[in-house]
Amino acid sequence: MVALVVAVAVGSAAMAPAAGAGVSVASDGTRVTVAGYRAGGEDHEQWASWTPSGRSVLCRELIDETNGIVDGEGVVAGLSWPPLDRSRRALWRYWLDCRYADGTAVELGSSGLGYVYADEVVDYDAAVRTLAESYLAETLAPVVAVGSSPPSGLVGIEQWFWVEGIDDVPVLQLHDVLGRRVVLRLEPAEVRWSFGDGTGATFGPQGLGVAGAAGPVTHRYRWRSTTAGPHASYRLEAAVSIAVRYTLDDSDWFEVTPPLVAAAERDLVVREAQAVGHG
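Okay, so the sequence shown: first residue is 0 according to numbering that gives the first Met the number 0, each after it adds one.
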């Protein structure tokens, strides 16, 4: 059991009461909300308290992580928890002890005890992933392409490749997600190349290559693609893994897994040159 002591200047909620148990605690409109949220692949608990009258409230919170197992018979400060809904999975049970700045207790009674159930948890990972997928589909995917120099290949000659439409500069976006300030960060993490002849290579962000110039992504083809016909080609593919990270109200960075993938492909004709001697 973990004890947290936090001072909250109520009047501006620390989080939107989108999930969890809310309890009315006083006649002046003070309210405390205990909620769960999912971020970075893990479940977290958070609480907020505020009042229209602007009075500050100091709350001491005890959280018991249940891992889905709660006996429902615990007693804290002489108060028993309310009946447990055993058809649902309880993540935490909580106890709130709140006081005004002058030390006067906020009357919670038995409503200061409760549970946060798994089906009440707000999944910020899922919401942020939806935003990232929209950016990928609407903004990034239409402009992603594979470039090469020279435009067609020649057996034994080193060829350069790069990805067009993506660079290694992170994209930062500001969003309001379920009442919380979210900074979304998208950046290439890895590039997997397939050269169409059974070979490939994996790079970090440098695998995006350098447009029109020599870069880290090069390949020499050993065999021509035109065996089956004068215009037969290899299928050249580049898959860019896009790391998705975000903050909640200036928190540390959370990461959404697995990363997104922006892929591009093209057909590449590789011919073979033969020397012709003149006597």
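All residues carry an ideal CB built from backbone N, CA and C; glycine is no exception.
Just so we're clear, the structure is a prediction, and the values are computed from it rather than from any experiment.
Item                                                                                                                            : Value
The region 190-198 touching the region 227-238, judged by at least three CB pairs closer than 8 Å                               : yes
P229 burial status per 10 Å Cβ neighbour count (16 or more: buried)                                                             : exposed
C-beta atoms of L247 and Y36 nearer than 9 Å                                                                                    : yes
Buried or exposed (CB count within 10 angstroms, at least 16 for buried), A212                                                  : exposed
Contacts around D196, its chain only, beta-carbon distance under 7 Å, and the 5 residues preceding and following it disregarded : Y220, W222, Y233
Sequence-distant residues of its chain with Cβ nearer than 6 Å to A117 (five each side left out)                                : R88, L90
Length of the line joining the Cα atoms of A262 and P141                                                                        : 10 Å
N66, DSSP secondary structure in three states                                                                                   : Note on N66: pLDDT 46, under 50, position unreliable in the model; no value is reported.
Nearest-angstrom beta carbon gap, S151 and V268 [assumed within contact, 8 Å]                                                   : 5 Å
Contact between the region 120-132 and the region 199-210 (3+ Cβ pairs under 8 Å)                                               : no
Nearest residue (CA-CA) to R179, options A104, D249, L259                                                                       : D249
P307 (DSSP reduced to helix, strand or coil)                                                                                    : Residue coverage of the chain in this structure runs from 0 to 278, which leaves residue 307 outside it and unanswerable.
Residue of Y245, L177, G39 minimising C-alpha distance to P169                                                                  : Y245
Under 9 Å between C-beta atoms of P204 and E186                                                                                 : yes
Spatial distance of C183 from T32 (CA atoms)                                                                                    : Here residue 183 is Leu; the residue named in the question, Cys, does not match the sequence. Distance between the alpha carbons of L183 and T32 is about 26 Å.
CA nearest to the CA of R85, picked from L95, G102, Y114, T138                                                                  : Y114
Selected residue, minimal CA-CA separation from I165, among P81, L135, L177, A227                                               : L135
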